[in-house]
Ligand code: AMP
Ligand code: MN
Ligand code: MN
Ligand code: MN
């Protein structure tokens, strides 16, 4: 049976590898069904498809849309969508432009703390000038000696409530789901354990709303989850009739906790998000 990984990032967003190297690495680590899911950006998909054909990998198109639910930021992965869909292109371009505005305000907030040049520094780490992420800020702040690690940057400066954090209104979660459906794809709630849902009804409320919005699947097995959470989200997937997905959220050989191919398989009593995809024949063989 093949190995699936339906969530990873290239240099088109905040990953550190070019698309061809990313696909080659996934292939070398045994991944047979792969989705490239850059943040708010589908420009790498064409290249990924070409690289996948050279490495005996089945590629499905993907994107990770920055969205919000109840005032918190949530990520909705779109899988097997038409990456050339015009409405999708317009909406993603708008989000990327908003990212640039947010980045300017983040630069200002660091300047107000006496840390100058952070926006230009972050830009130098962003290979795609139209996609500026907090990760690029974090890499700059580590390499310029302000913090010892990317994790420390987020903990000290860039999480909600911290002085370099800039709150942003992303696309409502149900609109992100509708956008993905409009492009013919399946909508997957990414890394659910990462969201701070206390006081908002917890994960049950989030998954119920996602399901009610027409969301198709949830990441049950992902790097953000510890083993007890695999079982917790497997149960929630069944409870809310969501398909199950698996994704490492791989960004970089240096930074990512889980390598391609190292996640456990989905439990056979879950229905996989790829269950009826022709590309997923390798998963049944
Ligand atoms: P953004 O979409 O620009 O707000 O940035 C979110 C990205 O920052 C995520 O996709 C992760 O790659 C990264 N990130 C978020 N929280 C952390 C953290 N605590 N440690 C390391 N990276 C993080
Ligand atoms: Mn990221
Ligand atoms: Mn994410
Ligand atoms: Mn991701």
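In this note's numbering, the protein residues as written are 26 to 310.
Where is the CB? At the ideal position from N, CA and C, for every residue including glycine.
Within the segment 201-286, the runs of alpha helix (DSSP H) that reach at least 4 residues and sit entirely inside it are, in chain order, 227-237, 252-264. Per DSSP, residue 123 is not a residue of any beta strand (DSSP E); the alpha helix (DSSP H) it occupies stretches across 111-137. Ligand 1 has no heavy atom closer than 6 Å to the beta-carbon of residue 139. The beta carbon of residue 93 is closer than 8 Å to those of 99, 194, 195, 196, 197, 198 in its chain, skipping five residues each way along the sequence. The residue from 265, 242, 124 with its alpha-carbon nearest to that of residue 212 is 242.
Contact check for residue 248 against residue 218 fails: the beta carbons are separated by 7 Å or more. Set against 6 Å, the gap from the CB of residue 179 to the closest heavy atom of ligand 1 is smaller. When the beta-carbon positions are compared, residue 262 and residue 256 stay at least 7 Å from each other. In this structure, ligand 4 has no non-hydrogen atom nearer than 6 Å to the beta-carbon of residue 63. Under the three-state reduction of DSSP, residue 100 is assigned to strand. As DSSP reads the structure, residue 90 sits in a beta bridge with 101. Looking at the DSSP output, residue 196 shares a beta bridge with 92. Within the same chain, 35, 37, 44, 61, 63 come within 6 Å of residue 69 by CB-CB distance, once the 5 residues on both sides are set aside. Pairing residue 117 with residue 209 gives a Cβ-Cβ distance that is not under 7 Å.
Spanning the alpha carbons of residue 140 and residue 246 requires a straight line of approximately 38 Å. Per DSSP, residue 191 lies in no alpha helix (DSSP H) segment and is marked neither H nor E. For the pair residue 127 and residue 178, the CB atoms are not nearer than the 7 Å cut-off.
In the DSSP assignment, residue 67 falls outside any alpha helix (DSSP H) and carries neither an H nor an E. Per DSSP, residue 180 has no beta-bridge partner at all.
Note on residue 131: 16 or more other CB atoms within 10 angstroms of its CB, so buried under the neighbour-count rule.
In this structure, residue 40 and residue 276 form a Cβ contact; the two beta carbons are roughly 5 Å apart against a cut-off of 8 Å.
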